[in-house]
């Protein structure tokens, strides 16, 4: 089930983490069922920012939480009422958000911090709405960044990832780079910056934009991992250890 937004499932040492919940609850739960993943399997949910294409499913999903930790940005309440329509509405917006904030295992993220072994958040970085990225330290290889939309810009995210982990090497980047409407010059600047990072792989998705993906492919060739649709694609996966592999979901 493909839909607007992004939700990434991360599995490390048999523990599962959900980074963002996408927009459509029915689509999210359908995909989880197809992948044979139960909500009870997921230990932690991390929300990059409050935009509904990343948070929309959370309002219904959280009603089923039992033990899951929930890491939220500090400005959930700034979600605009006009965007909180019937697709997400289980109750008035203020009540729904208050329940998320009052959930016994909710952690409001301000600054960069460690949230699990070799896993960190950059902290809620300044942008139109505050956004955190997830950082995974792969010993001996470097950092893998999981990014929602890159509203704070990729260079800012990278610097905060290095600061919170005290690791300099960026091994790979997964997620949205927010260049879907960017002009050619801005795309070229992003590509050149990413060249300077000496990345081993890039998985562009969501708001990266078709032109930006093509520009990345022209420069990085097989280091850019996408499906035949030119995006990460619903149900597809990347294995990092023991070897780097891209897996397309067989429907």
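Residue numbers (our numbering): 158 to 408. By construction, the Cβ of each residue, glycine as well, lies at the ideal position given by its N, Cα and C atoms.
What residues in its chain sit with their C-beta under 6 angstroms from that of residue i, if we drop five residues either side in the sequence?
i, result
"residue 326", "299"
"residue 254", "233 and 234"
"residue 396", "402"
"residue 202", "175, 225 and 227"
"residue 463", "Lying outside 158 to 408, the shown extent of the chain, residue 463 is not represented and no answer is given."
When you compare the CB positions of residue i and residue j, do they come within less than 8 angstroms of one another, or not?
i, j, result
"residue 308", "residue 224", "no"
"residue 204", "residue 264", "no"
"residue 314", "residue 290", "yes"
"residue 301", "residue 277", "no"
"residue 279", "residue 321", "yes"
"residue 332", "residue 356", "no"
"residue 335", "residue 282", "no"
"residue 175", "residue 161", "no"
"residue 248", "residue 209", "no"
"residue 359", "residue 337", "no"
Could you check where the alpha helix (DSSP H) with residue i kicks off and where it finishes?
i, result
"residue 267", "It is not in any alpha helix (DSSP H) - residue 267 carries neither H nor E in the DSSP assignment."
"residue 315", "311-322"
"residue 258", "250-259"
"residue 188", "182-191"
"residue 216", "215-218"
"residue 212", "209-212"
"residue 346", "341-353"
"residue 368", "367-377"
Take residue i and list the residues in its own chain whose beta-carbon comes closer than 7 angstroms to its own, dropping the five residues that flank it on each side.
i, result
"residue 411", "Nothing in the structure corresponds to residue 411, since the chain is present only between 158 and 408."
"residue 348", "372, 373 and 376"
"residue 350", "311 and 312"
Nearest to residue i by CA position, among the options, is which residue?
i, options, result
"residue 178", "213, 404 and 296", "213"
"residue 365", "249, 380 and 339", "339"
"residue 311", "324, 343 and 193", "343"
"residue 147", "273, 361 and 184", "The requested residue 147 is not part of the displayed model; the chain covers only 158 to 408."
"residue 197", "184, 260, 172 and 393", "172"
"residue 216", "185, 189, 191 and 194", "185"
"residue 345", "363, 369 and 358", "369"
"residue 269", "221, 183, 248 and 319", "319"
"residue 261", "189, 271, 222 and 272", "222"
"residue 273", "379, 383, 200 and 219", "200"
Could you name the residues of the same chain whose beta carbon sits closer than 8 angstroms to that of residue i, not counting the 5 residues immediately before and after it, in chain order?
i, result
"residue 229", "204, 257, 258, 263, 264, 265 and 266"
"residue 275", "169, 293, 294, 295 and 296"
"residue 194", "166 and 173"
Could you please give the first and the last residue of the uninterrupted beta strand (DSSP E) stretch that includes residue i?
i, result
"residue 279", "276-280"
"residue 332", "327-333"
Compute every distance between the C-beta of residue i and the non-hydrogen atoms of the ligand ATP, then say whether any falls below 7 angstroms.
i, result
"residue 263", "For the structure depicted, the ligand ATP is absent and the ligand set is empty, with no information on it obtainable."
For the pair the region 365-374 and the region 392-401, tell me if three or more CB-CB distances fall below 8 angstroms. no
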